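Undergrad: Residue numbers (the UniProt record's numbering): 1 to 181.
From the three backbone atoms N, C-alpha and C, an ideal C-beta is built for every residue, glycine too.
Since this is a predicted model, take the numbers as computed values, not measurements.
Once you've had a glance at the structure underneath, I'll fire off some questions.
Spelled out as structure tokens, the structure:
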């Protein structure tokens, strides 16, 4: 079994709306480039020294709005394209991933199959993976409606098992790989 290591590059959890620069990091593109390189390399070296070599490295979590915003926001595409490059230490051999959350709430299994087919058609031999998913034990006051193809799944540990079995089947149908919970 291989693990995936996801760098959040933030003082807090990051998601598609929260991608702030860590306190104490520079706020110019060149300084951020050097810092992201040093930080990533240091983390990977410490991991290797502990006997842990990730199978995949993800630079940023749910980077729909960019990375290290505002410097690397989508409104600054040149900066955004420059930031991940220093974090890819060339002498180290890893698979790198891009983590976006394109489905969001109300994500049906059929939407995933369609999205996976489009991505595989556009990017050919690149893997499509589910790297974050879950099913609630309880959800009495949901802010969102559940997709129609999931409304029959109970909110329980048994429901979690049903959900993950359906997700695994969906991955097979969609030709996707990887499944992290």
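1) What ranges does the beta strand (DSSP E) occupy inside the stretch 51-84, keeping only unbroken runs of at least 3 residues that lie completely in it?
2) Should residue 8 go down as buried or exposed, given a rule of 16 or more other Cβ atoms within 10 Å for buried?
3) Can you list, in chain order, the residues of its chain with a C-beta nearer than 8 Å to that of residue 12? Leave out the 5 residues immediately preceding and following it.
4) For a quick check, are the C-beta atoms of residue 79 and residue 69 less than 7 Å apart?
5) So residue 10 and residue 26 are supposed to be a Cβ contact under 8 Å. How far apart are they, rounded?
6) How would you label residue 148, buried or exposed, when you count the other beta carbons within 10 angstroms and need 16 or more for buried?
7) Taking all protein chains shown into account, do 16 or more other C-beta atoms lie within 10 angstroms of the C-beta of residue 161, making it buried, or fewer, making it exposed?
8) Would the beta-carbon of residue 137 fall within 7 Å of that of residue 57?
9) Is residue 84 buried or exposed, if buried means 16 or more other CB atoms sit within 10 Å of its CB?
10) Since residue 112 and residue 172 are thought to touch, with beta carbons under 8 Å apart, how far apart are those beta carbons, to the nearest angstrom?
11) Locate the beta strand (DSSP E) running through residue 190, then write down its first and last residues.
12) Could you check the C-alpha separation between residue 134 and residue 117 for me, to the nearest Å?
13) Can you check which of these residues, 166, 115, 82 and 141, is closest to residue 32 by C-alpha distance?
14) If distances are taken between C-alpha atoms only, which option among 45, 163 and 122 comes closest to residue 53?
15) State the beta-bridge partners of residue 15 as determined by DSSP.
TA: Here's the rundown:
1) Along the length of the stretch 51-84, whole beta strand (DSSP E) runs at least 3 residues long occupy 56-59, reported in chain order.
2) Translated into positions along the chain shown, residue 8 becomes position 8. Per the 10 Å Cβ criterion, buried.
3) Position 12 of the chain shown holds residue 12. The beta carbon of residue 12 sits closer than 8 Å to those of 18 and 20, all from its chain and outside the five residues before and after it, given in chain order.
4) Translated into the one-based positions of the chain shown, residue 79 becomes position 79. Translated into the one-based positions of the chain shown, residue 69 becomes position 69. No.
5) Here residue 10 is taken as the residue at index 10 of the chain shown, counted from 1. Here residue 26 is taken as the residue at index 26 of the chain shown, counted from 1. That belief does not hold up - the Cβ atoms of residue 10 and residue 26 are roughly 15 Å apart, past 8 Å.
6) If you number the chain shown from 1, residue 148 lands on position 148. Its Cβ having fewer than 16 others within 10 Å, residue 148 is exposed.
7) If you number the chain shown from 1, residue 161 lands on position 161. It counts as exposed.
8) Here the question's residue 137 lines up with position 137 in the chain shown. Here the question's residue 57 lines up with position 57 in the chain shown. In this structure, residue 57 does not lie closer than 7 Å to residue 137 by Cβ.
9) Here residue 84 is taken as the residue at index 84 of the chain shown, counted from 1. Looking at its Cβ environment, which holds 16 or more other Cβ atoms inside 10 Å, residue 84 is buried.
10) For the purposes of this step, residue 112 is identified with residue 112 of the chain shown, where counting begins at 1. For the purposes of this step, residue 172 is identified with residue 172 of the chain shown, where counting begins at 1. Actually they do not touch by this definition, with Cβ atoms about 12 Å apart.
11) Nothing can be reported for residue 190, as the shown portion of the chain is limited to 1 through 181.
12) Translated into the one-based positions of the chain shown, residue 134 becomes position 134. Translated into the one-based positions of the chain shown, residue 117 becomes position 117. If you take the alpha carbons of residue 134 and residue 117, they lie about 22 Å apart.
13) Here residue 32 refers to the residue found at position 32 when the chain shown is read from its first residue. Scanning 166, 115, 82 and 141 for the CA closest to the CA of residue 32 turns up 82.
14) Reading the chain shown from its first residue, position 53 is the one you call residue 53. Nearest C-alpha to residue 53: 45.
15) Along the chain shown, read from residue 1 onward, the residue named residue 15 stands at position 15. By DSSP's assignment, residue 15 forms a beta bridge with 18.
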